[in-house]
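Novice: Residue numbers (mature numbering (1 follows the signal peptide of the UniProt record, and there is no 0)): -16 to -1, 1 to 659.
By construction, the Cβ of each residue, glycine as well, lies at the ideal position given by its N, Cα and C atoms.
Here the structure is a predicted model, which is why all the values come from computation and not from measurement.
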């Protein structure tokens, strides 16, 4: 049954991909969706047996690689962390499949799309159930491959091609770093399975390795490389630029990537590697800084975006920052708790956005919408629930995890804790502002789109409505019902799945911080909601004046250009490597050295040899006699020299002499002909 949870998705993917032409669109959709539904039911059983009862399950399927000290099994580990992730992944994936049956019903390539979705889910399940780093890396790479296929699903669109290539290239940076980290683990630990690495890690605390002629602590080096891999996959500051562009794919893809699969893989990796990070506190500080800066950066950038899906994409980037800096503060369980909560309301927001886009004839610019509240009331109510959960409105799911992250940050009582709390609280204000802006411009403002489009806007059909309704329920209730069980004071829900050094546990301290600092994020969130509504509803002229002022124009440009990350990457890194590739790799090496020593050079030599042989055909007998005599003498001389000095002279020297003699004879022959 445990293996069925993992392999049902690949069975559905193979059936839809290989026999989709015979099954048809509906047949492929029914098979893949049914497989995911059964997987979800099994995941509930696994969650009960593993997470609630406490029975950790290990399954060894087969031996994969065995060579001297390297021994890797196809093994699956089901602990509390895996069981929680399995429920989230299968539930979100099932609803995305169900949603896609209606959203993509008019696409002739629906079987291929459903096959890709199921394959995506399979690789994510491989990633979270693996019991070793190498098998996890297989799922890691598979998720990256499927993201490329899904973002580029409409491959005739240039922007989709560019977005998919960008996602692939930026993720390769993180993947390469993760691979180096795994190599370092194997070289030093002589093992790659989690259990062995966790047991041996304390013995490597003082070990140093020479890296680029610098002595570096081994665990520090491993932790940095693993985290760079997480930065690429979870779109943290520096390698985040692929995430907003991934919106070029179909909306169900955006929901799956941003809610339950690809972007959560990095956070999962950090939590799974907690037995390493807990011994390298300075790397945890680095993780905290990156996460806090990402949360602040993405929340400010989302303020000025006009594309409906792009606003939600930046909110994903911001929320991932909260999860990462929670892990950096050694509160991995709180970070995973926010990951599961975030998956529900973020999938709700994306799928709701897709319903809106369908209603307005595939328009994504919020400035061309408005007035949809009465035309699509069900979608409007779902989007409001998702937005309030994202804001962290009291007693909704997001409130119980996001505010807890800020509480444990302040409860650290360190400069780094205050830094992350400050940026996270500002991020909460900006999140509330742009979420209210999204809801107002899309649903509450005066209609600004084409009349024919607005008049014929309608709510979506049953499959989309069921998916939205099923996501709205956990977006409201999961946080309340699971907080005490997962992250309550004294709770050991994750057990040995997550290791935390006793001196880093501060969940108790978070309960005793000042009420002012506990309620400040909620107050700022409410202030963000009120200020956004007032500015856009009553003071739009003031907003315009701020935007066109000198300072306002600079701030708006800075935020709209995404802090100039794309500009820096394109004009400095991109252009440098393009010029280097053209002038060195292509012009000097490829067209230079390789062509001289390769095809062009060989063809020129062959032509010259052929021409030389042709010139020997003069038609004069005495010319032929001379060549035969010289050649026979030369060959006889070589034989004699070889017999005398064969033990002392390399045979390659004789070949070289023979070739040189050939050209000398040929040149003498040319002179005789000219004379």
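Would you call the segment 243 to 252 and the segment 293 to 308 touching, i.e. three or more CB-CB distances under 8 Å?
Specialist: They touch, by the three-pair rule.
Novice: With 16 as the cutoff for other CB atoms within 10 Å, does residue 266 come out buried or exposed?
Specialist: Taking the first residue of the chain shown as 1, we reach residue 266 at position 282. By the neighbour-count rule (16 or more Cβ atoms within 10 Å), residue 266 is not buried but exposed.
Novice: Just to confirm my understanding: we take residue 431, look at its own chain, exclude 5 residues before and 5 after, and list those with CB closer than 7 Å. What are they?
Specialist: Translated into positions along the chain shown, residue 431 becomes position 447. The answer, listed in chain order, is 354, 355 and 438.
Novice: Under 8 Å between the Cβ atoms of residue 216 and residue 292?
Specialist: In the chain shown, the residue the question calls residue 216 occupies position 232. In the chain shown, the residue the question calls residue 292 occupies position 308. No, the pair does not count as a contact, with Cβ atoms beyond the cut-off.
Novice: Contact between the segment 323 to 332 and the segment 362 to 377: three or more CB pairs below 8 Å?
Specialist: Flag = yes, the segment 323 to 332 and the segment 362 to 377 touch.
Novice: Excluding the five sequence neighbours on either side, which residues of its own chain have a C-beta within less than 8 Å of the C-beta of residue 407, listed in chain order?
Specialist: The residue given as residue 407 occupies position 423 in the chain shown. Counting only Cβ-Cβ distances below 8 Å, and skipping sequence neighbours, we find 276, 277, 279 and 280.
Novice: Does residue 2 pass the burial test, meaning 16 or more other C-beta atoms within 10 Å, or should it be called exposed?
Specialist: Residue mapping note: residue 2 aligns to position 18 of the chain shown, counting from 1. With fewer than 16 other Cβ atoms within 10 Å, it is exposed.
Novice: Pairs of beta-carbons, one from the segment 172 to 183 and one from the segment 138 to 151, closer than 8 Å: are there three or more?
Specialist: These segments do not touch.
Novice: Which of the three DSSP states, helix, strand or coil, is assigned to residue 631?
Specialist: For the purposes of this step, residue 631 is taken as the residue at position 647 of the chain shown. Note that residue 631 has pLDDT 49, beneath the 50 cutoff, so the model's placement of it is unreliable and no number is given.
Novice: Can you tell me which of the three DSSP states residue -16 falls into?
Specialist: Within the chain shown, the letter at position 1 stands for residue -16. Three-state result, residue -16: coil.
Novice: Mind reading off the beta-carbon distance from residue 453 to residue 86? Whole number of angstroms is fine, and I expect it under 8 Å.
Specialist: Taking the chain shown and counting its residues from 1, one reaches residue 453 at position 469. Taking the chain shown and counting its residues from 1, one reaches residue 86 at position 102. At roughly 14 Å, the Cβ-Cβ gap does not stay under 8 Å, so residue 453 and residue 86 are not in contact.
Novice: DSSP on residue 470, reduced to helix/strand/coil?
Specialist: Here residue 470 refers to the residue found at position 486 of the chain shown. In the structure shown, residue 470 sits in a helix (DSSP, three-state: H, G or I).
Novice: Need the endpoints of the alpha helix (DSSP H) that residue 522 sits in, please.
Specialist: Working through the chain shown from its first residue, we reach residue 522 at position 538. No alpha helix (DSSP H) holds residue 522; DSSP gives it neither H nor E.
Novice: Buried or exposed for residue 303, please, with buried defined as at least 16 other CB atoms from any protein chain shown within 10 angstroms of its CB.
Specialist: To locate residue 303, count along the chain shown from 1; it is residue 319. That one is buried.
Novice: Taking 8 Å as the threshold, find out whether the segment 196 to 206 comes into contact with the segment 221 to 234 through three or more Cβ pairs.
Specialist: Because the criterion of three Cβ pairs below 8 Å is not met, the segment 196 to 206 and the segment 221 to 234 do not touch.
Novice: By the DSSP assignment, the alpha helix (DSSP H) with residue 108 in it spans what residues?
Specialist: Counting from one through the chain shown, the residue named residue 108 turns up at place 124. Residues 94 to 113.
Novice: Assign residue 394 to one of two classes, buried (16 or more other C-beta atoms within 10 Å of its C-beta) or exposed (fewer than that).
Specialist: The residue labelled residue 394 in the question sits at position 410 within the chain shown. The residue is buried, with at least 16 neighbouring Cβ atoms inside 10 Å.
Novice: Is the segment 146 to 164 in contact with the segment 181 to 196, if contact means three or more CB pairs nearer than 8 Å?
Specialist: No, the segment 146 to 164 does not touch the segment 181 to 196.
Novice: Taking only the alpha-carbon atoms, compute the straight-line gap between residue 418 and residue 389 and give it to the nearest angstrom.
Specialist: Here residue 418 refers to the residue found at position 434 of the chain shown. Here residue 389 refers to the residue found at position 405 of the chain shown. Cα to Cα, the separation comes out at about 21 Å.
Novice: From the DSSP output, in three-state form, read off residue 56 for me.
Specialist: The sequence position of residue 56 within the chain shown is 72, counting from 1. Strand.
Novice: Among 29, 508, 382 and 464, whose alpha-carbon lies nearest the alpha-carbon of residue 410?
Specialist: The sequence position of residue 410 within the chain shown is 426, counting from 1. Among 29, 508, 382 and 464, the Cα nearest to that of residue 410 is on 508.
Novice: Based on Cα-Cα distance, which residue from 213, 24, 166 and 481 lies nearest to residue -10?
Specialist: Within the chain shown, numbered from 1, the residue matching residue -10 stands at position 7. Ranking 213, 24, 166 and 481 by Cα distance to residue -10 puts 24 first.
Novice: Throw me the rounded Cβ distance for the residue 240 and residue 76 pair, which I believe falls under 8 Å.
Specialist: By one-based count along the chain shown, residue 240 stands at place 256. By one-based count along the chain shown, residue 76 stands at place 92. Confirmed, about 7 Å.
Novice: When we look at the beta-carbon of residue -14 and count the other beta-carbons within 10 Å, is it buried (16 or more) or exposed?
Specialist: Counted from its first residue, the chain shown places residue -14 at position 3. Under this definition residue -14 is an exposed residue.
Novice: With residue 193 as the anchor, note down where its alpha helix (DSSP H) starts and where it stops.
Specialist: By 1-based counting over the chain shown, the position of residue 193 is 209. Unbroken run through residue 193 is the beta strand (DSSP E), 192 to 195; no alpha helix (DSSP H).
Novice: Would you kindly report the start and end of the unbroken alpha helix (DSSP H) that includes residue 375?
Specialist: Residue numbering aside, residue 375 sits at position 391 when the chain shown is read from its first letter. Note, residue 375: alpha helix (DSSP H), 361 to 375.
Novice: With a threshold of 16 other CB atoms inside 10 Å of the CB of residue 143, please say whether the residue is buried or exposed.
Specialist: If you number the chain shown from 1, residue 143 lands on position 159. Exposed is the call here.
Novice: Which residue comes first and which comes last in the alpha helix (DSSP H) that contains residue 550?
Specialist: The residue given as residue 550 occupies position 566 in the chain shown. Note, residue 550: alpha helix (DSSP H), 549 to 552.
Novice: Residue 39: buried (16+ other C-beta within 10 angstroms of its C-beta) or exposed?
Specialist: By one-based count along the chain shown, residue 39 stands at place 55. With fewer than 16 Cβ atoms within 10 Å of its Cβ, residue 39 is classed as exposed.
Novice: Distance, Cα to Cα, residue 422 vs residue 44?
Specialist: On the chain shown, position 438 is the one that residue 422 refers to. On the chain shown, position 60 is the one that residue 44 refers to. So the two alpha carbons sit approximately 49 Å from each other.
Novice: Let me make sure I understand the geometry here. Which of 93, 67 and 477 has the alpha-carbon closest to that of residue 6?
Specialist: In the chain shown, residue 6 corresponds to position 22, counting from 1. Considering only alpha carbons, the answer is 93.
Novice: Mind checking whether residue 242 and residue 297 have CB atoms under 8 Å apart?
Specialist: Here residue 242 refers to the residue found at position 258 when the chain shown is read from its first residue. Here residue 297 refers to the residue found at position 313 when the chain shown is read from its first residue. Yes, the Cβ-Cβ distance between residue 242 and residue 297 is below 8 Å.
Novice: With DSSP as the reference, label residue 198 as helix, strand or coil.
Specialist: Position 214 of the chain shown, counted from the start, is the residue given in the question as residue 198. Strand, per DSSP.
Novice: Quick check for students: name the residue ranges of the alpha helix (DSSP H) that lie wholly in the segment 301 to 353, counting only runs of 4 or more.
Specialist: Entirely contained in the segment 301 to 353, the alpha helix (DSSP H) runs reaching 4 residues are, in chain order, 316 to 343.
Novice: Grab the span of the beta strand (DSSP E) containing residue 225 for me, first residue to last.
Specialist: Residue numbering aside, residue 225 sits at position 241 when the chain shown is read from its first letter. Element bounds for residue 225: n/a, residue is neither H nor E.
Novice: Which residue spans inside the segment 224 to 308 form an unbroken alpha helix (DSSP H) run of at least 4?
Specialist: As far as the segment 224 to 308 is concerned, its whole alpha helix (DSSP H) runs of at least 4 residues are 226 to 229, 235 to 243, 246 to 256, 258 to 261 and 265 to 285.
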